[in-house]
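Below: one structure, written as structure tokens.
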Amino acid sequence: MRIATYNVEWFSNLFDDQGELIEDESWSARHNVTKAMQITALGSVFQALDADAIMVIEAPDSSRGRDGTTALETFAERFALRASKVLIGYTNHTQQEIMLLYDPDVISAIHDPIGDPRDAHAPRFDGTYRIDLDIDAKADRVTFSKPPLEVAVQTKAGQLLRMIGVHAKSKAPHSARNSQDMMRIAIANRRKQLAQCIWLRHRVDQHLAARDPLIVLGDFNDGPGLDAYEKLFGRSSVEIVLGADLTTAEQLFDPHARSVLGQKLAAPFSSARFYLSTEKRFINALLDYIMVSPDLTAKSPKWRIWHPFDDPGCWRDPDLRTALLTASDHFPVTMDIAL
3 MRIATYNVEW FSNLFDDQGE LIEDESWSAR HNVTKAMQIT ALGSVFQALD ADAIMVIEAP
63 DSSRGRDGTT ALETFAERFA LRASKVLIGY TNHTQQEIML LYDPDVISAI HDPIGDPRDA
123 HAPRFDGTYR IDLDIDAKAD RVTFSKPPLE VAVQTKAGQL LRMIGVHAKS KAPHSARNSQ
183 DMMRIAIANR RKQLAQCIWL RHRVDQHLAA RDPLIVLGDF NDGPGLDAYE KLFGRSSVEI
243 VLGADLTTAE QLFDPHARSV LGQKLAAPFS SARFYLSTEK RFINALLDYI MVSPDLTAKS
303 PKWRIWHPFD DPGCWRDPDL RTALLTASDH FPVTMDIAL
């Protein structure tokens, strides 16, 4: 079985209010890329992935009279994807949903949120988490702008497992008036993101205690050695969710994250590529992960980042290479596993 996570930059902009694709020459949200170009590129990438389940990050909007589920199913039909059924959890107000696109002939999937919204320790992800963020002996209230998607999955062979789709994000300090204000807001936002990942880690602990096969996947906008404030807080949000300081039996595993933990001189993997206009160059970052519980790690799954310049298979295919660069600022991550 192939499981993937893919952040599609402003996927929602490619659909009208009826969920139909806008395949014309108007500009997409990507620089110098039309909607028709991005749609064609995305179709090629999804077809090449041929995944049984794809956790789509920044999926089409499901608010303000728009139905993202209809839009994503329209996309799947347009490109004859066997992953043609869509599952959504809690909608949000950012126009960037989290959805699972899956093959109904291979798996069944339902939105199955865990926890009570009023639980102070590990509330449901549409609830409020209380934690002292600034060490003032007062509990701060933390919520998700993009609540994680909790999925109960059953394969046709009867294998049960859990998936949690994540889009963690620390807001940029847009309201800052000066450099000191920018630092203050950036640190406060980073604290909130770390708190969200501590909340997520509580859910991971619950599933591991119940011996649930677990996959946590998506875009964390963070990683070991990536953030300027990592030394201030001691660890990244990715390390928190992985349980990097816990015993092996309590840890989740992702080979790309593991490769850079404690190895600052190692050549890093990357799953996203951004243009820095001030420096007139591109920067790569490892932001997208597929983390699995120890029982799934024991099945020797194979991970792959579909980076057009780092992955030989993507590089050797000029059409796929171009499609990956046109489709999004992130690249898909896949995991092949026997289930």
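When we follow this note's numbering, the leftmost residue of the sequence shown carries the number 3, and every step to the right adds one.
Glycine residues also receive a C-beta, built at the ideal position from the N, C-alpha and C atoms.
Treat the numbers as computed from the prediction; the structure is a model and nothing was measured.
Return helix, strand or coil for residue 45, following the three-state DSSP convention. By 1-based counting over the sequence shown, the position of residue 45 is 43. Helix.
Under the three-state reduction of DSSP, which class applies to residue 132: helix, strand or coil? On the sequence shown, residue 132 is found 130 positions in, with the first residue counted as 1. Residue state, collapsed to three classes: strand.
DSSP three-state label for residue 13, please. Locating residue 13 in the sequence shown gives position 11, where the first residue counts as 1. Helix, per DSSP.
Determine the contact status of residue 134 and residue 68, defining contact as a CB-CB distance below 7 Å. Mapped onto the sequence shown, residue 134 falls at position 132. Mapped onto the sequence shown, residue 68 falls at position 66. Their beta carbons are not under 7 Å apart, which means residue 134 does not touch residue 68 by this criterion.
Taking 6 Å as the cut-off, does the CB of residue 200 come closer than this to any heavy atom belonging to the ligand NAP? No copy of the ligand NAP appears in this structure; indeed no ligand is present at all.
In three-state terms, what does DSSP make of residue 192? For this step, residue 192 is matched to residue 190 along the sequence shown. Residue 192: helix per DSSP, three-state reduction.
With the cut-off set at 7 Å, would you say residue 298 and residue 273 are in Cβ contact? For the purposes of this step, residue 298 is taken as the residue at position 296 of the sequence shown. For the purposes of this step, residue 273 is taken as the residue at position 271 of the sequence shown. Result no, Cβ atoms of residue 298 and residue 273 do not sit closer than 7 Å.
Could you name the residues that DSSP lists as bridge partners for residue 278? Taking the sequence shown and counting its residues from 1, the one referred to as residue 278 is at position 276. For residue 278, which the question treats as bridged, DSSP gives the partners 283.
Please state the DSSP three-state secondary structure of residue 288. Translated into positions along the sequence shown, residue 288 becomes position 286. Coil.
Span separating the alpha-carbon of residue 293 from that of residue 123: Locating residue 293 in the sequence shown gives position 291, counting from the first residue. Locating residue 123 in the sequence shown gives position 121, counting from the first residue. If I take the Cα positions, the gap works out to 23 Å.
Around the C-beta of residue 322, are 16 or more other C-beta atoms found within 10 angstroms, so that it is buried, or is it exposed? For this step, residue 322 is matched to residue 320 along the sequence shown. Flag for residue 322 reads buried.
Between the region 317 to 331 and the region 45 to 58, do at least 3 Cβ pairs fall closer than 8 Å? yes
Who are the Cβ neighbours of residue 203 in its own chain at under 8 Å, not counting the five residues just before and after it? In the sequence shown, residue 203 corresponds to position 201, counting from 1. Result list for residue 203: 242, 243, 245, in chain order.
Applying the criterion that 16 or more other CB atoms from any shown protein chain within 10 Å of the CB defines a buried residue, is residue 149 buried or exposed? Taking the sequence shown and counting its residues from 1, one reaches residue 149 at position 147. By the neighbour-count rule (16 or more Cβ atoms within 10 Å), residue 149 is buried.
My guess is that residue 195 and residue 170 are in contact by the Cβ rule of under 8 Å, so how many angstroms apart are they, rounded? Along the sequence shown, one-based indexing puts residue 195 at 193. Along the sequence shown, one-based indexing puts residue 170 at 168. Their Cβ separation, rounded to whole angstroms, is 6 Å, which keeps residue 195 and residue 170 in contact under 8 Å.
Are the CB atoms of residue 64 and residue 99 within a distance shorter than 7 Å? Position 97 of the sequence shown, counted from the first residue, corresponds to residue 99. Position 62 of the sequence shown, counted from the first residue, corresponds to residue 64. Against a cut-off of 7 Å, the Cβ pair of residue 64 and residue 99 comes out as a contact.
Tell me which same chain residues have a C-beta within less than 8 Å of the C-beta of residue 197, skipping the five on either side of it? Indexing the sequence shown from 1 puts residue 197 at position 195. 131, 133, 135, 142, 144, listed in sequence order.
Nearest CA to the CA of residue 62: which residue from 51, 303, 41? In the sequence shown, the residue the question calls residue 62 occupies position 60. That would be 41, whose Cα lies nearest to the Cα of residue 62.
Residue 340 versus residue 11: straight-line alpha-carbon distance, rounded: As a first step, residue 340 must be located in the sequence shown, where it is residue number 338. As a first step, residue 11 must be located in the sequence shown, where it is residue number 9. Taking the straight line from one Cα to the other gives about 30 Å.
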